[in-house]
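Asker: In this note's numbering, the protein residues as written are 175 to 321.
#1: Whose CA, out of 230, 267, 250, 193, lies closest to the CA of residue 307?
#2: Please classify residue 220: is it buried, with 16 or more other beta-carbons within 10 angstroms of its beta-carbon, or exposed?
#3: Would you please state the rounded distance, in angstroms, between the beta carbons of residue 249 and residue 293? I believe it to be under 8 Å.
#4: Buried or exposed for residue 202, going by 16 or more other Cβ atoms inside 10 Å?
#5: Expressed to the nearest angstrom, what Euclidean distance is found between the alpha-carbon atoms of residue 191 and residue 228?
#6: In this structure, how does DSSP classify residue 210 when only helix, strand and coil are distinguished?
#7: Out of curiosity, what's the CA-to-CA distance linking residue 313 and residue 210?
#8: Can you grab the Cα-Cα spacing for the pair residue 276 / residue 213, in whole Å?
#9: Tell me the rounded alpha-carbon separation between residue 296 and residue 272.
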């Protein structure tokens, strides 16, 4: 589905605004099914955006980061492990900047300097980092084969 939406949203496509917004809202609802607080506001934000798909992807990422650590629970190392697992699953490898940022989060949690807002902001930044290597190279490296 992601490739289909990307084709619809490409600049070469000659679609009217209504179709673009509809595709972005569909992408949002496909990736975050069900009801949750703020869903209607998120859809309104997508509909009002100049780049609806970009806003939809940002809202999805933000929602997923919020789900990593509960507001009531205290932060611990398992919260950072969840981010690490997400990155390895998505990218097949941890890049050095990501590993450094995760180690920094571990230190901040150990020292007690991390609150939920800081955690969510840092997690969002780390998850948003793009890998330096192409997907084929990362998969080969993860499998232990030199490319």
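Backbone N, C-alpha and C define an ideal beta-carbon position, used for all residues, glycine too.
The structure presented is a predicted model; accordingly, all values stated were derived computationally and were not measured.
Answerer: With the given structure in hand:
#1: In the chain shown, counting from the first residue as 1, residue 307 sits at position 133. It is 267.
#2: Locating residue 220 in the chain shown gives position 46, counting from the first residue. Classification for residue 220: buried.
#3: Position 75 of the chain shown holds residue 249. Position 119 of the chain shown holds residue 293. About 6 Å separates the two Cβ atoms, so the contact holds.
#4: Position 28 of the chain shown, counting from 1, holds the residue named residue 202. Label assigned to residue 202: buried.
#5: Along the chain shown, read from residue 1 onward, the residue named residue 191 stands at position 17. Along the chain shown, read from residue 1 onward, the residue named residue 228 stands at position 54. In a straight line, the C-alpha of residue 191 is about 14 Å away from that of residue 228.
#6: The sequence position of residue 210 within the chain shown is 36, counting from 1. Reduced to three states, the DSSP call for residue 210 is coil.
#7: Numbered from its first residue, the chain shown carries residue 313 at position 139. Numbered from its first residue, the chain shown carries residue 210 at position 36. Roughly 35 Å separates the two Cα atoms.
#8: What you label residue 276 is simply residue 102 of the chain shown in a count that begins at 1. What you label residue 213 is simply residue 39 of the chain shown in a count that begins at 1. C-alpha separation (whole angstroms): 30 Å.
#9: Residue 296 sits at position 122 when you count from the first residue of the chain shown. Residue 272 sits at position 98 when you count from the first residue of the chain shown. Approximately 11 Å, taken between the alpha carbons.
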